[in-house]
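Participant: Chains E and D are the protein sequences, given in the same order. Everything in the first sequence is counted per the working numbering, starting at 41 for the first residue and increasing by one. Everything in the second sequence is counted per the working numbering, starting at 41 for the first residue and increasing by one. My structure is below; once you've seen it, I'll send some questions.
2 protein chains.
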Amino acid sequence: MKEEVKEYIGQNKDRFVNELLDLLRIPSVSADPQYKNDVARAAEYVKGQLIAAGAEHVEVCKTDGHPIVYGDKLIDPKLPTVLVYGHYDVQPADPIDLWTSPPFEPVIKDEKIFARGSCDDKGQMYMHVKAFEFMMKNNSLPCNVKFMIEGEEEVGSVNLGIFVKANKEKLKSDVCLISDTSMLANDIPSITVGLRGLAYVEVELVGPNRDLHSGTYGGAVSNPINALCDMISSLIDPVTRKITIPGFYDDVEDISAEEKKAISEIPFDEVEYKRELGIKETRGEKGYSIIEQASTRPTLDVNGIKGGYIGEGAKTVLPSKASAKISMRLVPNQKSEKIAHLFAEHFKKITPPSMTVKVDFHHGGEPVVVPMDCIEYQAASMAYEDTFGKKPLPVRAGGSIPIVALFENELGVKSMMMGFGLDTDNIHSPNENFGIFNFLKGIETLPLFYKHYADLKKK
Amino acid sequence: MKEEVKEYIGQNKDRFVNELLDLLRIPSVSADPQYKNDVARAAEYVKGQLIAAGAEHVEVCKTDGHPIVYGDKLIDPKLPTVLVYGHYDVQPADPIDLWTSPPFEPVIKDEKIFARGSCDDKGQMYMHVKAFEFMMKNNSLPCNVKFMIEGEEEVGSVNLGIFVKANKEKLKSDVCLISDTSMLANDIPSITVGLRGLAYVEVELVGPNRDLHSGTYGGAVSNPINALCDMISSLIDPVTRKITIPGFYDDVEDISAEEKKAISEIPFDEVEYKRELGIKETRGEKGYSIIEQASTRPTLDVNGIKGGYIGEGAKTVLPSKASAKISMRLVPNQKSEKIAHLFAEHFKKITPPSMTVKVDFHHGGEPVVVPMDCIEYQAASMAYEDTFGKKPLPVRAGGSIPIVALFENELGVKSMMMGFGLDTDNIHSPNENFGIFNFLKGIETLPLFYKHYADLKKK
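Right, dumping it as structure tokens:
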């Protein structure tokens, strides 16, 4: 199959690119109601391309928001089924004046396609459609395929959650395949094997029953802002930089020696990392490398803080209250709800007797890890090795993709995150781009995943 | 003189009250441009009343803002001169719906005058005009008097500062007399002998050069909000509650055993204090009483803090910066500028190497103390003893009145703060009121200050 896919791409690459450019010309900005019709147009375009590639049962499924495009090719119920997830909606293009070419008029420069959505996720999603087309044309589709391409990824995938829960039988599958992450470099393929989870809380500390004059009461009445700073400061040990909430690390799974070794092999330029962020030093948990700190270890960050007078000039208020938004990134096996409760319990305990505290929970998300010893990972790894000539590195992303936990919980399937974009593709920023090399390499690699996966499943 | 003033008040009290009510009917709200003409009307009214009482050289002096009313009675250059300071402008009346009677339609209920400005400061200022009238009518004015009644006290007295600096000769005097504070109770007269100073800074802590995704960078890149909390928390010792800035206490003058004893005699109900504030405990510097903590000891309070996302809901940002407004109340002999610099130096020193900090200085104010062994204090004390039948207690206020330091620095005079209002008069709040007892007691007491002051100066 290796040679056939290369040949097919060689014959069809201009058409592949042009089809993608047509999709990129549709401003399917899901967050902005004025693009509602464009979002619908993009769904119709995806529907047409799935049909043209050979998919069946293709439909644009209505939701309370933007539609989900479904299509499948079920060749044999005894064969494994791959569920392809992607999204056809894009981020808003603002700030528009920082684009060097209009965001919805794609141009090719330096072998890269510049347009909003070129990488995230129209380009990466479309690789799957073309890989499928190849397997259909080549009569080499080795398993069943189901496509679920949504239009609300950039606004939280709320209706996808409802759709998945309502269509478990229809979406039944053995593995979910997603290209919505990046790889390390064009010559360093990688597979995203872990995502951190999230516990997000909001705290409000209340002292006196009203704002006081800091002259009249200052010195005797404890100030909620000062007290909140004390409490927040105490949550991280100043020396080890470990989180001090009792029980916080109880369920944390240390990464394997094998993964630690793999991480150490990831090319990483600390000097450039700091230069690019404009910082003199990084500062994380003792005993871990920067990559480990930012992806394999749990964190506690204040995402917002507010209290007292924050306008121009000076006001001598001793405020009644102060509040903060605090999130903790979680790693396997931590549970979002448990950590939120541990936080709340501890935070109440350290509240000074002169104050009261309220802790509210925002949304959470569970950490995800793809075991490297499963056949799905092996199949992906073999596919990359076939097309890049080297084994991909397993990497963990520090962020959270809630849909991955959704698929695991609701459909019982692991997600293989085979991203072909680069961190320099400016996703969510002006001048988003996607290398033609990357686009075509994705189309070349994905059929090989299907092949190896089906072969390994047979054994 | 004791009997004559009583008799004069007995004969004229209804007129005194009615004249004050006329002044209170003028909505001289200095902060609100729509009352500009009313503020000017109030100045004219004060001018007329000063002339009627016997003052000379009375003029409404223009400034870049609201005018200052000046008038004097210079009887003999060899005699001491008293400078009377007061203000005819008032705070805005909002929230208007919480008033039980319209703020500028004064009514008398339970022997109290209810109206905006009844106590602060129209009522207290007008006591001086009527005390002066008595001394003129009674041919008993024992020294020269100068009146300086401004119209911008509630908006910061900026133009008063310019006026004072430009008219040092005209305002030359031996003591300044101010009734713009309160006394402890109608049967516990008190003199305000100290005011705290103020050093006010604004700090901004900057980490990475842009807002980051807390998933991608959290754990490795230090968060400016967390770091700001650490830094602020470290400024106060958790056990002694002393401020940890090196040199901060170097110039602090401990209060005398005599004043400590006087403070301990001030009636103070700690249970009621906490109940009224809605707090279970106070929390201040170890080894000092609540009154001492709130008036004789320096403080450090965060007046405002801001960082990251503070809107509704959750956002997982690791912000580029965080900022805070921090003020320190100062006590004699601390210097505002020196303390601000000590703060800045220390705050820069404790900034983590991964961040940079900027410290800006807002306005400051010097602490003030009136020595109890000066003849001004003795004269005031004797006056209260004459009219209340008991010695007044010396008290310090925790706040700052910058004009007092202004008079000391620019005119070289100490201010005697003889307030006749009560803390329950709701100044700056709805239903401001001033007891008729207090109004008349002020008129009765003030001439006795002049008498004792002139007598003591002769010796």
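Ideal placement from N, C-alpha and C gives every residue a C-beta, glycine not left out. This structure is a prediction, so every number in the text was calculated from the model and none was measured.
Under a three-way DSSP split, which group does D/Glu244 fall into?
Facilitator: If DSSP states are grouped into helix, strand and coil, D/Glu244 belongs with the strands.
Participant: So is E/Lys46 buried or exposed if we call it buried at 16+ other beta carbons inside 10 Å?
Facilitator: Under this definition E/Lys46 is an exposed residue.
Participant: Are any of the Cβ atoms in chain D nearer than 8 Å to that of E/Glu190?
Facilitator: So no, E/Glu190 is outside the interface.
Participant: Closer than 8 Å, Cβ to Cβ, to anything on chain E: give me those residues from the segment 214-238 of chain D, in chain order.
Facilitator: Within the segment 214-238 of chain D, the residues whose Cβ lies closer than 8 Å to some Cβ of chain E are Arg236 and Leu238, listed in chain order.
Participant: Terminal residues of the continuous alpha helix (DSSP H) containing E/His386?
Facilitator: Element bounds for E/His386: Ser376 to Lys389.
Participant: Measuring CB atoms only, is the segment 241-251 of chain E touching the segment 363-371 of chain E, in the sense that at least three cross pairs come out at less than 8 Å?
Facilitator: With the cut-off at 8 Å, the segment 241-251 of chain E and the segment 363-371 of chain E touch.
Participant: Could you name the residues that DSSP lists as bridge partners for D/Arg369?
Facilitator: DSSP output for D/Arg369 lists D/Leu238 as bridge partner(s).
Participant: Under 8 Å Cβ-Cβ, which residues of chain D neighbour E/Gln322?
Facilitator: The sequence shown places Thr at residue 322 of chain E, rather than the Gln named in the question. Per Cβ cutoff of 8 Å: Ala260, Val261, Ser262 and Ser394.
Participant: Could you tell me the alpha carbon to alpha carbon distance between D/Val409 and D/Gly237, rounded to whole angstroms?
Facilitator: Those two C-alpha atoms are separated by around 10 Å.
Participant: Compare the C-beta of E/Ser254 with all C-beta atoms of chain D and state if any pair is closer than 8 Å.
Facilitator: Output row for E/Ser254: interface = yes.
Participant: Name, please, each residue of chain D whose Cβ falls closer than 9 Å to the Cβ of E/Gln164.
Facilitator: Neighbours of E/Gln164 on chain D: none; closest Cβ ~18 Å, over 9 Å.
Participant: Under 8 Å between C-beta atoms, does E/Leu200 make it to chain D?
Facilitator: So no, E/Leu200 is outside the interface.
Participant: For chain D, check one thing: does any of its Cβ atoms lie closer than 8 Å to the Cβ of E/Thr391?
Facilitator: It does not: the Cβ of E/Thr391 has no partner Cβ on chain D nearer than 8 Å.
Participant: Counting only Cβ pairs nearer than 9 Å, list the residues of chain D close to E/Glu425.
Facilitator: Under the 9 Å cutoff, chain D gives no residues; its nearest Cβ is about 27 Å from E/Glu425.
Participant: Is there a Cβ of chain D sitting closer than 8 Å to that of E/Glu325, yes or no?
Facilitator: Answer yes: the Cβ-Cβ gap between E/Glu325 and chain D drops below 8 Å somewhere.
Participant: Rounding to the nearest angstrom, what Cα-Cα distance links D/Lys388 and D/Asn343 in this structure?
Facilitator: Distance between the alpha carbons of D/Lys388 and D/Asn343 is about 20 Å.
Participant: What would DSSP say about D/Glu321, mapped onto helix, strand or coil?
Facilitator: DSSP places D/Glu321 in coil when its eight states are reduced to three.
Participant: Are the C-beta of E/Asn466 and some C-beta of chain D separated by less than 8 Å?
Facilitator: No, because no Cβ of chain D sits closer than 8 Å to the Cβ of E/Asn466.
Participant: Would you mind telling me which residues of chain D sit closer than 8 Å to E/His402, beta carbon to beta carbon, in chain order?
Facilitator: Going along chain D in sequence order, the residues near E/His402 (Cβ under 8 Å) are Gly353 and Ala354.
Participant: Listing by chain order, which chain D residues have their CB less than 8 Å from the CB of E/Gln333?
Facilitator: Going along chain D in sequence order, the residues near E/Gln333 (Cβ under 8 Å) are Gly259 and Ala260.
Participant: What does DSSP give as the partner residues of D/Ala225 in its beta bridges?
Facilitator: For D/Ala225, which the question treats as bridged, DSSP gives the partners D/Ile228.
Participant: Between which two residues does the beta strand (DSSP E) harbouring D/Asn473 extend?
Facilitator: Here the beta strand (DSSP E) through D/Asn473 covers Asn473 to Gly475.
Participant: Tell me which residues share the same chain as E/Met395 and place their Cβ nearer than 8 Å to its Cβ, disregarding the 5 neighbours each side in the sequence.
Facilitator: Same-chain partners within the cutoff: Leu245, Val246, Gly247, Ser262, Pro264 and Ala267.
Participant: Residues in the same chain with beta-carbon distance under 6 Å from D/Pro442, minus the five sequence neighbours each way, listed in chain order, please.
Facilitator: Answer for D/Pro442: Gly405, listed in chain order.
Participant: What residues in the segment 336-351 of chain E have a beta carbon less than 7 Å from any beta carbon of chain D?
Facilitator: Flagged, chain order: Arg337, Thr339, Asp341, Val342, Asn343, Gly344, Ile345, Lys346, Gly347, Gly348, Tyr349 and Ile350.
Participant: Taking C-beta pairs closer than 8 Å, name the residues in chain D that E/Lys365 reaches, listed in chain order.
Facilitator: Here the neighbours are Gly348, Tyr349, Ile350, Ala354 and Lys355.
Participant: Figure out for me which residue from E/Glu472, E/Leu446, E/Tyr490 and E/Thr464 has the closest Cα to the Cα of E/Met458.
Facilitator: Nearest of E/Glu472, E/Leu446, E/Tyr490 and E/Thr464 to E/Met458, Cα basis: E/Tyr490.
Participant: Since E/Ile283 meets chain D, which of its residues come closer than 9 Å, beta carbon to beta carbon?
Facilitator: In chain order: nothing, as chain D lies at least about 10 Å away.
Participant: So which residues on chain D does E/Asn500 lean against when the C-beta distance must stay under 7 Å?
Facilitator: The first residue shown for chain E is 41 and the last is 499, placing residue 500 of chain E beyond what the model contains.
Participant: Assuming D/Ile153 and D/Pro146 are in contact, meaning their beta carbons sit under 8 Å apart, how far apart are those beta carbons, in whole angstroms?
Facilitator: Contact holds; Cβ gap of about 6 Å.
Participant: Assign E/Ser296 to one of two classes, buried (16 or more other C-beta atoms within 10 Å of its C-beta) or exposed (fewer than that).
Facilitator: It is exposed - the Cβ of E/Ser296 has fewer than 16 other Cβ atoms within 10 Å.
Participant: Cutting at 6 Å between CB atoms, please list the residues of its own chain near E/Leu224, excluding the five before and the five after it.
Facilitator: Around E/Leu224: Ser230.
Participant: Does the separation of the CB atoms of E/Gly259 and D/Thr339 fall below 8 Å?
Facilitator: Yes, they are a contact pair.
Participant: Name, please, each residue of chain E whose Cβ falls closer than 8 Å to the Cβ of D/Arg369.
Facilitator: Here the neighbours are Ser254, Gly255, Gly258 and Gly259.
Participant: Name, please, each residue of chain E whose Cβ falls closer than 8 Å to the Cβ of D/Tyr240.
Facilitator: Per Cβ cutoff of 8 Å: Ala354 and Thr356.
Participant: Output, in sequence order along the chain, the residues in the segment 426-456 of chain E whose CB is closer than 9 Å to any CB in chain D.
Facilitator: Those residues of the segment 426-456 of chain E that come within reach of chain D (Cβ to Cβ, closer than 9 Å) are Ala437, Gly438, Gly439 and Ser440.
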